[in-house]
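What follows is a single structure, written as structure tokens, with notes after it.
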């Protein structure tokens, strides 16, 4: 079985909190300005932001975050690639993203091509396992493993179907089988859920909703979440 | 549904960027049977402004598809591509009496301020038509997302298309939905086409789906005139093409004309 030699700059030494931004570009600019300048934060250009502003939105987010940090930060482009693994990755890399996402539901050819191209563009590849019943089955079919696997419960799923759970039990199993692949967990929004993500071995926890609902409290919310990361 | 049953459509996907769009779109023959699609790569690079740009390049009654490939957050996806439905500016504050001209101006100013996207009509001739006429959602997305997407499309008055790329049995997906979509797309992805040639478009599913649901079926992933013919022969209502169009725009017009000749 393939073992992942992880080249991601995030590394496994520290946990990270990923905040997805989905509001209008002016509001996002303001919100990024409110964030604490912490290496432990990962900034995500959420899918609605990419839909609305395209790669220009990613580039802007990247510039603002770098300005805030005083050095290049880590920005994820949530492309949710489903086809044409190559073109979208190139566009995201050109916009300065450090990582891009591909759907685990996409054809295997697309995921493989996506992972390959991310490596060629020197950005991290994330495979989003939303609605994938057995992430293992997808990973098994790939020629090269992604840098990061995202276990994800979608927003519509969460709001309309209360029975669906994030498969946190998969974290240790994936890590056991594939070694150093980083695991990110998305779909839990409360501090409680984030604690549980990290407790179960996640490297990255993704949140967005509280920030989306209360943009003016961005700073305090981020601090609250950062306290959970040792 | 805006599209008509028992009519055949050729859907032309614009993927290469706005320059390509500028070359291709003027060459297309004017016809109700030609649909224009803002492709996913274009949308991801330029955002939804691509829809408005393409809208401005085609005639105002051209049917425009936004291939947004929604996988989550269906309500936001639909509201973005459908364009804004603007309420007209009101002249008199509700319940006001003895209104002076000054009051009218003041009231209009307030309304413009609270809805900054409204612009005076003379600067925006295409305002009402800014959005797309249809949008796509992934068949592999969670059932909740697909259902919500179809509901939202209905509310916004646009057609919902479910893209069955990488779905083995589209009927199983349709069965789980509360309401069927307007269009089902049978799709072989570009990466699949290039890297594993043995994957075929399952033409037999067209009749299967149409037999069970009152929907139109689109076929995407073929890129020669032969494949277009084969899809229509197998009862597809819409055929989506892109490769030829991506390469040379003169080919586009030829294929579109041939298509119109054939159905005409």
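Residue numbers (my numbering), protein chains in the order written: chain R, 304 to 533; chain W, 4 to 267.
The beta-carbon is built from N, C-alpha and C at its ideal position, and this holds for glycine as well.
Item, Value
"Terminal residues of the alpha helix (DSSP H) in which residue 207(W) lies", "207-215"
"Residue 348(R) in three-state terms, based on DSSP", "strand"
"Range covered by the beta strand (DSSP E) that runs through residue 14(W)", "12-17"
"Whole-angstrom C-beta distance between residue 525(R) and residue 338(R), which should lie under 8 Å", "5 Å"
"Beta-bridge pairing of residue 507(R) - partner residues as DSSP gives them", "319(R) and 487(R)"
"Identity of the residues DSSP links to residue 405(R) by a beta bridge", "384(R) and 430(R)"
"Nonlocal neighbours in the same chain, by C-beta distance under 7 Å from residue 151(W), ignoring five residues either side", "77 and 78"
"The beta strand (DSSP E) enclosing residue 162(W), as first and last residue numbers", "162-166"
"CB contact flag (residue 144(W), residue 73(W), <8 Å)", "yes"
"DSSP bridge partner residues for residue 139(W) (one or two, in chain order)", "164(W)"
"Where residue 139(W) falls, given that 16 or more other Cβ within 10 Å makes a residue buried", "buried"
"Backbone CA spacing between residue 393(R) and residue 103(W) [nearest angstrom]", "58 Å"
"Alpha-carbon to alpha-carbon, residue 409(R) and residue 435(R)", "10 Å"
"is_contact[residue 367(R), chain W] using C-beta, thresh 8 Å", "no"
"The stretch 511-526 of chain R touching the stretch 45-59 of chain W, judged by at least three CB pairs closer than 8 Å", "no"
"Bridge-paired residues (DSSP) for residue 73(W)", "140(W)"
"Neighbourhood of residue 240(W) by C-beta distance below 7 Å, restricted to the same chain and skipping five residues each side", "11, 12, 219, 220 and 221"
"Own chain, CB closer than 8 Å to residue 202(W), minus 5 neighbours either side, in chain order", "191, 195 and 196"
"Status (buried if at least 16 other CB within 10 Å, exposed otherwise) for residue 404(R)", "buried"
"Where residue 448(R) sits in the DSSP three-state scheme", "coil"
"Residues in the stretch 41-74 of chain W having any Cβ partner in chain A nearer than 8 Å", "No chain A appears in the structure shown, which is made up of the protein chains R and W."
"C-beta neighbour in chain W for residue 518(R), strict 8 Å", "no"
"Inter-stretch contact (C-beta, 8 Å, three-pair minimum) for the stretch 21-33 of chain W and the stretch 256-264 of chain W", "yes"
"Cβ-Cβ distance between residue 391(R) and residue 44(W) below 8 Å", "yes"
"Residue 38(W), enclosing beta strand (DSSP E) - first and last residue", "37-41"
"Cα-Cα separation between residue 470(R) and residue 486(R), rounded to whole angstroms", "12 Å"
"Residues that residue 194(W) contacts on chain R, provided the C-beta gap is smaller than 7 Å", "386, 387, 388, 410, 412, 413 and 416"
"Host beta strand (DSSP E) of residue 221(W) (start-end)", "219-223"
"Given residue 382(R) as reference, the closest of 366(R), 371(R) and 414(R) once Cα atoms are compared", "414(R)"
"Integer-rounded CB distance, given that residue 70(W) should sit under 8 Å from residue 41(W)", "6 Å"
"Check whether residue 161(W) and residue 55(W) have beta carbons under 8 Å apart", "no"
"Residue from 315(R), 429(R), 350(R) and 336(R) with nearest C-alpha to residue 343(R)", "315(R)"
"Pairwise C-alpha distance: residue 39(W) and residue 16(W)", "6 Å"
"Cα-Cα separation, residue 427(R) to residue 27(W)", "35 Å"
"Limits of the beta strand (DSSP E) - the one that residue 21(W) falls within", "Run containing residue 21(W): none in the beta strand (DSSP E); it sits in the alpha helix (DSSP H), 21-27."
"Assumed close pair residue 170(W), residue 214(W) - CB separation to whole angstroms, cut-off 8 Å", "18 Å between Cβ atoms; not a contact."
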